[in-house]
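These protein sequences, in sequence, are chains A and B. Per the working numbering, the very first residue in the first sequence carries number -9; after that it's consecutive. Per the working numbering, the very first residue in the second sequence carries number -9; after that it's consecutive. For each residue, glycine too, the CB sits at the ideal point set by N, CA and C. Shown next, in structure tokens, is the structure this report addresses.
Protein chains: 2
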Amino acid sequence: MGFTDVRATNLAVVLRHLRTNGPSSRAAIAASTGLNKATVSSLTSDLIDHRLLRETGSSGNRIGRPGTAVALDGSAYAAIGLQVAADRLTALAVDFAGEQVLLWHRALAAEGGRATGEIIALAQRTATRVRQQGRTVLGLTLAVPGLVDEDGTVRLSPALGWSDVDLRGLVASSLRQPGLVVTAANQAGLAAIAERRAENMIFVTGTAGIEAGLIVDGKLLHGARGFTGQIGRFALGPAGSPTLHDLAGIEPLVRRALPGFDPDSLTDLSPAVEQVIVQARAGDAAVLTALRDTGRHLGQGLAILSNLTDPSVIVLGDHYAALAEWIIPAANPELAGHLLAPGGAELVASELGLHAAALGGAISHLERVDSGRSMPITA
Amino acid sequence: MGFTDVRATNLAVVLRHLRTNGPSSRAAIAASTGLNKATVSSLTSDLIDHRLLRETGSSGNRIGRPGTAVALDGSAYAAIGLQVAADRLTALAVDFAGEQVLLWHRALAAEGGRATGEIIALAQRTATRVRQQGRTVLGLTLAVPGLVDEDGTVRLSPALGWSDVDLRGLVASSLRQPGLVVTAANQAGLAAIAERRAENMIFVTGTAGIEAGLIVDGKLLHGARGFTGQIGRFALGPAGSPTLHDLAGIEPLVRRALPGFDPDSLTDLSPAVEQVIVQARAGDAAVLTALRDTGRHLGQGLAILSNLTDPSVIVLGDHYAALAEWIIPAANPELAGHLLAPGGAELVASELGLHAAALGGAISHLERVDSGRSMPITA
């Protein structure tokens, strides 16, 4: 960072304006941000020199004077999210303009000792590919289910069968690019960043476990140690009482819906969820009952979340999203029935498939630049 | 406010330093805040002129040079909290130095139509008494159980039997002092402000209902509409399933512990709680069982809170605090057993009796001044 604090703050103001509003003329940036036109010209000139912005013929929302607008430049930088699930790895990269430039899936057996080696190898291959595209990697974030501490160590991940794995350290030491920021964080929080659409909203994961990423009062809820959102453990009763995961989890759903399904095959839930969808579409009564029960219990769990944090939106992710046409109608009456405050959260399905957390991990590095915390400019 | 923004910000810096550190010399304030000594002298001079600070002979933690220290001045201003419960009203005032200068309790039948009249009358008497003490009232906050919107209207309070009562408006229009700020807010959040002792902590009320005030990442959790902390509604099961209030509430505890107690007398829970304590001390087996069951269920509910928000401290308030010697040992194993993250929140009893929310309501007005949002100086 070769700029003063004020300069860096103003560069960030311009970047955030373009991130939110799309291509804009310098005059529009000045009018909207309150910076004067000469300052905006100087700032955009610097950002173009450093390949964070580019000139564009179209301002996106006005006619005439082509060539006067600027836009985020995706050609020079990219950021990577690498999502670790019990049954698969997903690598995703976005360029600085936010366009997805890479999406890879790999099967994984997370509980084996070889899992970390496969994660490191995929991280290296992804970074190499992004560089081959001509882009510098701004950062890489590992998205993990369970408890991840502030150093990026996975303290406890029941879904992965891990405890005390220094995943961030292992990956960071294998990627020897100066200035590349490597972080690790809970997947649900990262998915909430990718799905952010309100100042108070919740993303609910539906894979091998249930976790929640909470954006409260505009910020991702961190808590004392970062160990938030463990809603799968919700229970009211003595030890051994059914938890929210037992009542509304995806794997318990599959076991109830498809009693003949080979349990060993459930390391990868996707084929089973596909089968549930096929049989639900065919009107299979047992499958529809299992879906309805799952939706009802999920609604009860989401009512706990809503009574506590008063979100305006709850986004159902992962396999819940694929099953949303059955889950949401069953969940909504339970959610409404258990809420003290009328007119609570709207329940919607994620459209980000199984890689919302990978996207959130990548986006988090763009947000670091946009906020001025980490400007990839060495002037 | 007759000052520039920078001046107001610096005045607030000095006030916050003294609020945190107690009486200090001007040199110590300059060293700690980074303001230069001439600026500190000018700021303290203004604050003394406006009776927010006073000279004091003792700096509190150093010997010699008497007369060089300044301290918060409690003589000119005070703030009021008025806590509305189902069975009583509590009025509390603190001076600007944070010393309690008034504490009144009044019996109340909240469900009667006369309740708001009694609240207004108590607010007026309290303000009058504070003025008779020679103090200007900075503000008055009404602390209410249930859902209170941002305009200070009580949308729904099951504990009071109220819906859509514009309590703030009724009280504000009856207190005709220019500049007096009147607000209304949920009691649990205000109690959390009074008990604030960590960046992530929770206050749990135990009166006619159970509510939580959550301080997360240093700020009181507000949510989309301010309708947070409704933990008494926690349930996992279809409508009609027992809620956390059914399982761990104070009134259900009293009904189980004292089956012969006249239910009509439970409008005021304090005598019943006293009787529970007497019989528990005498070793009454049924009472001890009821206390243990209540503590266990409360621990399960607090585990839900902890798994979600990862607090470092949970403060049990009101009647839970009076019963803490039985409740906490029963709750702790359940809390630990249901937590995914080892080493979770410490469970402690409030020492603020039944008026933590009144205190928090009063303190909130001192914080408005300390933060520079509302400087009672007309220069």
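Subject >> Neighbourhood of residue 286 of chain B by C-beta, 6 Å cutoff - its chain only, sequence neighbours within 5 removed >> reply: 320 and 324
Original post:
What are the residues of the segment 229 to 240 of chain B that lie near chain A, defined by any Cβ-Cβ distance shorter than 9 Å?
Top reply: 229, 231, 232, 233, 234 and 237
Original post:
Looking only at DSSP bridge pairs, what is residue 139 of chain B linked to?
Top reply: Partner(s): none; residue 139 of chain B has no beta bridge.
Original post:
What is the residue span of the alpha helix (DSSP H) that residue 38 of chain A lies within?
Top reply: 27 to 39
**OP:** Locate the beta strand (DSSP E) running through residue 107 of chain A, then write down its first and last residues.
**Re:** No beta strand (DSSP E) holds residue 107 of chain A; the alpha helix (DSSP H) holding it covers 105 to 122.
**OP:** Please compile the residues from chain A whose C-beta is within a distance smaller than 7 Å of the C-beta of residue 26 of chain B.
**Re:** Going along chain A, no residue has its Cβ under 7 Å from residue 26 of chain B, so there is no contact; the nearest lies around 20 Å.
**OP:** Determine the burial state of residue 101 of chain B: buried for a count of at least 16 other Cβ atoms within 10 Å of its Cβ, exposed for fewer.
**Re:** exposed
Original post:
From the beta carbon of residue 105 of chain B, is the nearest beta carbon of chain C less than 8 Å away?
Top reply: In summary, chain C is missing from the structure at hand, where the protein chains are A and B.
Original post:
Which partner residues of residue 176 of chain A appear in the DSSP bridge assignment?
Top reply: A/134
Original post:
Quick one: Cα of residue 131 of chain A to Cα of residue 14 of chain B, how far?
Top reply: 46 Å
Subject >> Interface flag, residue 156 of chain A vs chain B, CB-CB below 8 Å >> reply: no
Original post:
According to a CB-to-CB cut-off of less than 9 Å, which residues of the segment 266 to 299 of chain B neighbour chain A?
Top reply: 286, 287, 290, 291, 293, 294, 295, 296, 297, 298 and 299
Original post:
What residues in the segment 303 to 336 of chain B bring their beta carbon closer than 7 Å to a beta carbon of chain A?
Top reply: 327, 328, 330 and 331
Original post:
Helix, strand or coil: how does DSSP classify residue 361 of chain A here?
Top reply: coil
Original post:
Based on Cα-Cα distance, which residue from A/258, A/201, A/210 and A/264 lies nearest to residue 238 of chain A?
Top reply: A/201
**OP:** Would you mind stating whether residue 207 of chain B and residue 298 of chain A have Cβ atoms separated by less than 8 Å?
**Re:** no
**OP:** Output, in chain order, the set of chain A residues within a Cβ distance shorter than 9 Å of residue 220 of chain B.
**Re:** 296, 297, 298, 300, 329, 330 and 331
Original post:
Helix or strand or just coil, what does DSSP make of residue 14 of chain A?
Top reply: strand
Original post:
DSSP state of residue 71 of chain B, grouped into three classes?
Top reply: strand
Subject >> Run of the alpha helix (DSSP H) containing residue 267 of chain B, from where it starts to where it stops >> reply: 260 to 271
Subject >> Any chain B beta carbon closer than 8 Å to residue 196 of chain A >> reply: no
**OP:** Look at the Cβ atom of residue 105 of chain B, then the Cβ atom of residue 198 of chain B, and state whether they are nearer than 8 Å.
**Re:** no
Original post:
Do residue 177 of chain A and residue 73 of chain A have their C-beta atoms within less than 8 Å of each other?
Top reply: yes
Original post:
Is residue 252 of chain A helix, strand or coil by DSSP?
Top reply: coil
Subject >> Reference residue 257 of chain A, options A/339, A/245 and A/140, closest by Cα >> reply: A/245
**OP:** State yes or no: is the beta carbon of residue -1 of chain B nearer than 8 Å to at least one beta carbon in chain A?
**Re:** no
**OP:** Indicate whether residue 68 of chain B and residue 128 of chain B have their beta-carbon atoms separated by less than 8 Å.
**Re:** yes
Original post:
Using CA coordinates, which residue listed in A/180, A/139, A/326 and A/145 is at the minimum distance from residue 348 of chain A?
Top reply: A/180
Original post:
What's the gap between the Cα of residue 356 of chain B and the Cα of residue 86 of chain B?
Top reply: 7 Å
Original post:
Would DSSP call residue 166 of chain B helix, strand or coil?
Top reply: coil
**OP:** Buried or exposed for residue 220 of chain A, please, with buried defined as at least 16 other CB atoms from any protein chain shown within 10 angstroms of its CB.
**Re:** buried
Subject >> When A/125, A/66 and A/225 are compared against residue 326 of chain B, the one with the closest alpha-carbon >> reply: A/225
Original post:
So, is the C-beta of residue 151 of chain A closer than 8 Å to a C-beta in chain B?
Top reply: no
Subject >> CB of residue 263 of chain B within 8 Å of CB of residue 313 of chain B, strictly >> reply: yes
Subject >> Residues of its chain near residue 2 of chain A, where Cβ-Cβ distance is below 7 Å and the 5 sequence neighbours each way are ignored >> reply: 360, 361 and 362
**OP:** Please name the residue in A/30, A/340, A/170 and A/10 whose C-alpha comes closest to that of residue 191 of chain A.
**Re:** A/340
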